[in-house]
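Take a look at the structure set out below.
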Ligand code: SF4
Ligand code: MG
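Next up, the structure:
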């Protein structure tokens with residue numbers, strides 16, 4: 028494989044008493060260094076499970092993983108846990124949604140960053156401590172020489188998120204995965220954290236995956252967007268293409284929930300009416316059909332019986348979407364609902 032990261036037909040299935048939960052069911056994407064991919068979907072879409080598989084965190088669980096994850100020419104799905112462990116932190120690193128769950132309350136922030144460094148580098152405690160101070164400085168923590176001695180609870184929410192980013196980046200990973208990095212933060216701090224991720228990416232030249240339920244979050248930072256539904260890809264393309272010409276009715280729903288389009292932050296809460304599908308028994312045909320208000324535009328009830336293939340969008344290189352609507356029907360729908368994009 029030539030891409031820096033090349034995920035092919037990834038499947039993550041969990042056996043349960045009620046049946047097999049197909050959290051991720053045939054997902055493929057590629058990513059180059061220096062670029063950011065946004066993976067967007069509501070809870071249960073498979074976006075977080077995809078990211079856990081990238082870090083090999085399913086190993087040792089009952090999850091059945093198939094497909095291929097090529098990272099810098101190495102295949103990760105089949106990699107033994109002890110080899111995967113050596114890659115975590117150094118080659119691929121993760122920023123979790125809740126820094127409090129990732130930072131230990133009984134150790135200072137500095138000690139934890141230093142320890143993350145010492146796991147992979149033969150350095151003295153003093154050198155590791157200096158590295159921790161340097162990282163805190165880089166992520167914009169004021170007075171890092173003092174704050175390095177603080178405990179997590181002495182940091183504000185935004186500062187803890189910064190500290191966790193510092194810990195994730197301390198070994199200079201080639202791939203950084205951020206799962207809902209801003210959800211718990213207020214809007215101003217969210218913007219600062221996204222700016223920070225963007226700056227650090229330029230500085231470190233790493234590849235970044237931002238996982239979020241909020242399409243608005245990734246349009247600011249992502250070069251490409253992958254929209255997931257029910258463990259599958261439903262739309263994938265450059266951010267520009269997906270924003271300029273969204274193809275899937277689910278993406279339309281996500282876009283309408285973006286504040287600068289909807290004009291009202293309060294409308295963001297329930298972007299698409301209805302509930303996420305069961306991952307044990309996905310609806311037949313198009314998995315989105317129970318929630319789709321446009322299936323009447325498709326002839327012969329195809330939406331309920333025939334699963335739409337991912338098809339290239341006419342006039343683009345790499346924009347694909349899975350929906351039975353014809354280009355003409357989409358044009359008419361766009362016309363009816365005003366200038367959507
Ligand atoms: Fe809606 Fe049919 Fe398209 Fe699915 S295939 S998104 S149900 S129009
Ligand atoms: Mg999640």
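Numbering (the numbering used here), first residue to last: 28 to 368. C-beta: ideal position from N, C-alpha, C; glycine also.
Relative to the ligand SF4, even the nearest heavy atom lies 6 Å or more away from the CB of residue 254. Taken through DSSP and simplified to helix, strand or coil, residue 56 comes out as strand.
Residue environment: residue 207 is assigned as buried (16 or more neighbouring CB atoms within 10 Å of its CB, all protein chains considered). Between the ligand SF4 and residue 321, a heavy atom-to-CB distance of less than 6 Å is present. For the pair residue 116 and residue 196, the Cα-to-Cα distance works out to about 8 Å.
The criterion of a C-beta distance shorter than 7 Å is satisfied by residue 130 and residue 179. Not a single heavy atom of the ligand SF4 lies less than 6 Å from the C-beta of residue 346. Taking C-alpha positions only, residue 55 is separated from residue 32 by approximately 10 Å. For residue 277, the enclosing alpha helix (DSSP H) begins and ends at 276 to 283. Only residues of its own chain outside the window of five on either side were considered, and among them 254, 256, 261, 299 and 315 have a CB closer than 7 Å to the CB of residue 277, listed in chain order.
Distances from the CB of residue 352 to the heavy atoms of the ligand SF4 include at least one below 6 Å. If one requires a minimum length of 4 residues, the alpha helix (DSSP H) runs lying completely within the stretch 292 to 342 are 329 to 332, in chain order.
A Cβ-Cβ separation of about 13 Å leaves residue 248 out of contact with residue 270 under the 8 Å criterion.
Rounded to the nearest angstrom, the gap between the Cα atoms of residue 168 and residue 160 is 9 Å. A contact is defined here as three or more CB-CB pairs under 8 Å, and the stretch 64 to 84 meets this definition with respect to the stretch 233 to 242. A contact is defined here as three or more CB-CB pairs under 8 Å, and the stretch 34 to 51 meets this definition with respect to the stretch 89 to 104. Looking at the DSSP output, residue 255 bridges to 260. Our two residues, residue 353 and residue 164, have alpha carbons roughly 52 Å apart in a direct line.
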